[in-house]
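Numbering (the UniProt record's numbering), first residue to last: 1 to 162. Following: one structure in C-alpha cells, then a few remarks.
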Amino acid sequence: MATDLETRIRDAGLRVTGQRLAVLTALERAPHADADTVHRAVQRELPGTSLQAVYVVLNALATAGLIRRIEPAGSPALYERRIGDNHHHVVCTSCGAVADVDCVHGAAPCLAPSSTGGFVIDTAEVTFWGLCPACQPQQHRPAHERRADQQTHHVTSYGTED
Ligand SMILES: [Zn+2]
Ligand SMILES: [Zn+2]
C-alpha cells in the first residue's frame, strides 16, 4: 500500500515524506477527518509531529489535488481521499457525522442553476443536513416536531453568522 501511495504523491509532483504518507494513510482509514483527528493518527506513527506540520501537509496535498477539503457550515475543515467525482455530503445536525452522497444525476454538476451570471459551471458542492442513523433513536418526539426544530435552528444559525 505504501508503494502505491508513494507513486501517487510523486505523480502529483510532490516529494515523498513520512508525514505525507502518514497523513494519506490516516485519511484512508478515516475519511472526512478534521486536522485534529488526522494529527492524532499521525502522532501514533510519527510521535512528535506538530498540529501545524499536519496543517502544512494537508494544504500541500489539497493543493496538489491528492485530497479534497470540505467545509460544512459550523464544522472545522474536513479532508478526504475520495476526489474528482463531484460527490456530495450529508452532515448530521446532532453529532456532526459526515457521509458521502453520490451524484444523483450521474454527471457533474448535478444541479442546474437558474442563472450562472456568465460562468461556465463544472462542479457543484451540495451539503445535505439531517440526523444520522445513530442520532435518530435518541429523539423521542414526533418527527414533525423535530423537523420544525431543525428548520428554526438553521435560520438562527445563518442569522448569527451574518
Ligand atoms: Zn448523528
Ligand atoms: Zn466525501
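Beta carbons: idealized from backbone N, C-alpha and C, even for Gly. The model shown is predicted, which means the values in this text are computed figures rather than measured ones.
{"query": "N- and C-terminal bounds of the alpha helix (DSSP H) containing GLU45", "result": "35 to 45"}
{"query": "Close-in-space but distant-in-sequence residues of the same chain around LEU66 (CB under 6 Å, 5 per side omitted)", "result": "ALA12"}
{"query": "Rounded separation between ARG82 and ARG8 - CA only", "result": "13 Å"}
{"query": "Cβ contact check for the stretch 18 to 32 and the stretch 70 to 82: 3 or more pairs under 8 Å", "result": "yes"}
{"query": "CB-CB length for PHE119 against HIS88, believed under 8 Å", "result": "Not really, about 19 Å apart at Cβ, beyond 8 Å."}
{"query": "Residue from SER114, THR3, ALA112 and VAL91 with nearest C-alpha to CYS132", "result": "VAL91"}
{"query": "Endpoints, alpha helix (DSSP H) assigned at LEU51", "result": "51 to 63"}
{"query": "Cα-Cα separation between ARG15 and GLU6, rounded to whole angstroms", "result": "9 Å"}
{"query": "Beta-carbon separation (whole angstroms), VAL56 vs ALA35, contact threshold 8 Å", "result": "At roughly 10 Å, the Cβ-Cβ gap does not stay under 8 Å, so VAL56 and ALA35 are not in contact."}
{"query": "Contact set for VAL101: own chain, Cβ-Cβ below 7 Å, skip 5 residues either direction", "result": "HIS87, HIS88, HIS89, VAL90 and PHE128"}
{"query": "Cα-Cα separation, ASP4 to SER115", "result": "42 Å"}
{"query": "Limits of the alpha helix (DSSP H) - the one that THR25 falls within", "result": "18 to 29"}
{"query": "Helix, strand or coil at ASP100 according to DSSP, with G and I counted as helix", "result": "strand"}
{"query": "THR3, DSSP secondary structure in three states", "result": "helix"}
{"query": "ALA73 beta carbon near ligand 1 (any heavy atom closer than 7 Å)", "result": "no"}
{"query": "PRO31 CB to nearest heavy atom of ligand 2 below 7 Å", "result": "yes"}
{"query": "Per-residue DSSP class, three states only, for residue 237", "result": "This structure does not reach residue 237, given that the chain is present from 1 up to 162, and the question cannot be answered."}
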